[in-house]
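A.B. asks: One structure is given below, represented as structure tokens, and several questions about it will come after.
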Amino acid sequence: MSIEVYRIDDRLVHGQVVVGWGQPLALRFIVLVDDAIVQSDWERELYRMGTPPEMDLFVESVESCALRLPEFDSRADPGLLVAPDVATMARLCSMAPGIRQVNVGGIHHVAGRVPRLPYVFLSPAEEAGLRALAATGVAISAQDVPGADAVPLDDLLARDGS
Amino acid sequence: MSERVGPRAIVAGHGDFGVAMVDVVRRITGDANALRAVSGQGLDAGGIERAIRAAAEELGAHVVFTDLPAGSCTTAARRVARETPGLVVVTGASVPMLLDYLLGEGTGVEALQRAAERARDAILVFGGREGRDVH
Chain A
425 MSIEVYRIDD
435 RLVHGQVVVG
445 WGQPLALRFI
455 VLVDDAIVQS
465 DWERELYRMG
475 TPPEMDLFVE
485 SVESCALRLP
495 EFDSRADPGL
505 LVAPDVATMA
515 RLCSMAPGIR
525 QVNVGGIHHV
535 AGRVPRLPYV
545 FLSPAEEAGL
555 RALAATGVAI
565 SAQDVPGADA
575 VPLDDLLARD
585 GS
Chain B
6 MSERVGPRAI
16 VAGHGDFGVA
26 MVDVVRRITG
36 DANALRAVSG
46 QGLDAGGIER
56 AIRAAAEELG
66 AHVVFTDLPA
76 GSCTTAARRV
86 ARETPGLVVV
96 TGASVPMLLD
106 YLLGEGTGVE
116 ALQRAAERAR
126 DAILVFGGRE
136 GRDVH
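Respectively, the protein sequence lines represent chains A and B.
Per this note's numbering: the first sequence = residues 425 to 586.
Per this note's numbering: the second sequence = residues 6 to 140.
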């Protein structure tokens with residue numbers, strides 16, 4: 425089964441991930457990729473306590489995750505990988521070329537970003553990052569929960585979500 | 006910070022959860038001034054944290070009630086509580102829990118544990134194929 429979803433979501437492990445995706449996909453593990461969180465015992469424990477008991481949580485840096493991806497992909501149960509932003513996912517994809525699909529699940533409003541969907545706001549640099557990632561052959565779409573329509577990257581970037 | 010005496014609480018969660026909970030308490034008791042609702046809708050993790058911190062400081066809150074243990078409001082509230090002495094986070098909030106906390110004695114952890122127990126006791130399952138109630 426291995427990792428079924430590679431997700432960009434600035435909220436990381438939260439309700440949409442553990443319930444929205446976790447229930448229908450019967451997820452049994454989550455890989456959280458964040459170079460800052462991996463360095464903090466308290467932050468790691470914060471996310472561990474928010475993860476349902478039936479799921480394993482692995483907190484990794486980009487580098488350690490790239491090294492461990494074959495191990496995660498060899499698991500018999502389904503998992504989800506989540507990174508906080510476009511740059512982190514792009515770095516991971518450059519170190520782990522086996523990643524062929526990326527789900528944009530939640531990039532929320534901060535100054536400098538424009539709305540594309542109610543749950544996706546992108547800066548020009550992030551849009552360029554997504555286009556560059558797509559140019560390497562990675563299929564990118566936006567979808568917050570499984571029941572919603574997936575929005576392909578070209579369509580996403582053409583939208584005015586305001 | 007508020008001059009109000011007695012328990013003061015933030016209710017935070019997905020969508021309009023907090024607003025709805027505060028509205029229900031107001032309809033039942035006639036007074037929900039001890040509560041503030043915070044929604045995570047449309048905010049990133051930092052934005053939710055800032056919203057909860059601002060509401061907690063303005064109200065002088067003792068506790069942040071949230072919906073899901075794994076929710077982004079819970080994560081944010083725990084970060085705020087880490088930097089706010091005395092502030093407690095309680096997950097799985099319900100109407101019975103809020104009512105017991107607001108109308109009962111005390112404001113601290115003991116009062117919250119009592120409210121959580123009352124909320125657990127309020128979960129009942131009626132009916133079923135045999136027509137028997139299951140408690």
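Ideal Cβ positions, reconstructed from N, Cα and C, are used throughout, including at glycine.
Owing to the predicted nature of the structure, the values given are computational and were not obtained by experimental measurement.
(1) Let me make sure I understand the geometry here. Which of A:Pro548, A:Pro494, A:Gly474 and A:Ser547 has the alpha-carbon closest to that of His438 of chain A?
(2) How close, in whole Å, do the beta carbons of Pro590 of chain A and Gly503 of chain A come, if the pair is a contact with beta carbons under 8 Å?
(3) Taking only the alpha-carbon atoms, compute the straight-line gap between Ile15 of chain B and Thr112 of chain B and give it to the nearest angstrom.
(4) In the DSSP assignment, find the unbroken beta strand (DSSP E) run with Ile531 of chain A in it and report its ends.
(5) For Ser485 of chain A, which of helix, strand or coil comes out of DSSP?
(6) Could you name the residues of the segment 530-554 of chain A whose beta carbon sits closer than 9 Å to any beta carbon of chain B, in the order they occur along the chain?
(7) State the Cα-Cα distance for the pair Thr512 of chain A and Ser518 of chain A, rounded to the nearest angstrom.
(8) Rounded to whole angstroms, what is the Cα-Cα separation between Glu495 of chain A and Asp501 of chain A?
(9) Near Val24 of chain B, which residues of its chain fall below 6 Å by C-beta distance, leaving aside the five closest residues on each side in sequence?
(10) Of the choices A:Val429, A:Thr560, A:Gly561 and A:Arg435, whose alpha-carbon is the least far from that of Gly47 of chain B?
(11) Val85 of chain B and Val68 of chain B - do their beta-carbons sit closer together than 7 Å?
(12) Using the Cβ count rule (16 or more neighbours within 10 Å means buried), how would you classify Gly529 of chain A?
(13) Kindly indicate if chain A contains any beta-carbon less than 7 Å away from that of Asp49 of chain B.
(14) Chain A partners of Arg83 of chain B, CB-CB under 7 Å?
(15) With 16 other CB atoms within 10 Å as the buried threshold, where does Val130 of chain B fall?
(16) Determine the chain A residues that contact Thr79 of chain B at a beta-carbon separation under 8 Å, and present them in chain order.
(17) Do you know offhand how far Thr71 of chain B's Cα is from Ser77 of chain B's?
(18) Should Ile427 of chain A and Leu505 of chain A be called a contact, given that it needs their Cβ atoms to be closer than 7 Å?
(19) What does Leu73 of chain B reach in chain E if we use C-beta pairs closer than 9 Å?
(20) Jot down the residue ranges of each uninterrupted alpha helix (DSSP H) in the segment 547-578 of chain A, minimum 4 residues, whole runs only, in chain order.
(21) Is the beta carbon of Ala582 of chain A closer than 7 Å to that of Val575 of chain A?
C.D. replies: Reading it off the structure:
(1) On the first sequence, residue 438 of chain A is found 14 positions in, with the first residue counted as 1. If we check each option's Cα against that of His438 of chain A, A:Gly474 comes out closest.
(2) Only positions 425 to 586 of chain A appear in the structure, and residue 590 of chain A is not among them; the question remains open.
(3) Along the second sequence, one-based indexing puts residue 15 of chain B at 10. Along the second sequence, one-based indexing puts residue 112 of chain B at 107. Between Ile15 of chain B and Thr112 of chain B, the C-alpha separation is close to 13 Å.
(4) Reading the first sequence from its first residue, position 107 is the one you call residue 531 of chain A. Segment: none, Ile531 of chain A is in no beta strand (DSSP E) and carries neither H nor E.
(5) Position 61 of the first sequence holds residue 485 of chain A. It is coil, neither helix nor strand.
(6) Gly530, Ile531, His532, His533, Val534, Pro542, Tyr543 and Phe545
(7) On the first sequence, residue 512 of chain A is found 88 positions in, with the first residue counted as 1. On the first sequence, residue 518 of chain A is found 94 positions in, with the first residue counted as 1. Straight-line Cα distance between these residues: approximately 10 Å.
(8) For the purposes of this step, residue 495 of chain A is taken as the residue at position 71 of the first sequence. For the purposes of this step, residue 501 of chain A is taken as the residue at position 77 of the first sequence. Cα to Cα, Glu495 of chain A sits roughly 12 Å from Asp501 of chain A.
(9) Taking the first residue of the second sequence as 1, we reach residue 24 of chain B at position 19. Only Ala42 meet the Cβ criterion.
(10) Within the second sequence, numbered from 1, the residue matching residue 47 of chain B stands at position 42. Nearest option by C-alpha distance: A:Arg435.
(11) On the second sequence, residue 68 of chain B is found 63 positions in, with the first residue counted as 1. On the second sequence, residue 85 of chain B is found 80 positions in, with the first residue counted as 1. Cβ atoms of Val68 of chain B and Val85 of chain B: not closer than 7 Å.
(12) The count along the first sequence starts at 1 and reaches residue 529 of chain A at position 105. By the neighbour-count rule (16 or more Cβ atoms within 10 Å), Gly529 of chain A is buried.
(13) Residue mapping note: residue 49 of chain B aligns to position 44 of the second sequence, counting from 1. Taking Cβ atoms only, chain A reaches closer than 7 Å to Asp49 of chain B, which makes this a yes.
(14) Locating residue 83 of chain B in the second sequence gives position 78, where the first residue counts as 1. Simply Leu470.
(15) On the second sequence, residue 130 of chain B is found 125 positions in, with the first residue counted as 1. Exposed, because fewer than 16 other Cβ atoms sit within 10 Å of the Cβ of Val130 of chain B.
(16) Taking the second sequence and counting its residues from 1, the one referred to as residue 79 of chain B is at position 74. Within 8 Å Cβ-Cβ: Gly474.
(17) By 1-based counting over the second sequence, the position of residue 71 of chain B is 66. By 1-based counting over the second sequence, the position of residue 77 of chain B is 72. Answer to the nearest angstrom: the Cα atoms are 9 Å apart.
(18) To locate residue 427 of chain A, count along the first sequence from 1; it is residue 3. To locate residue 505 of chain A, count along the first sequence from 1; it is residue 81. The answer is yes: Cβ separation under 7 Å.
(19) Protein chains A and B are contained in the structure displayed, whereas chain E is not.
(20) 548-559
(21) Within the first sequence, the letter at position 151 stands for residue 575 of chain A. Within the first sequence, the letter at position 158 stands for residue 582 of chain A. Not a contact, by the Cβ cut-off of 7 Å.
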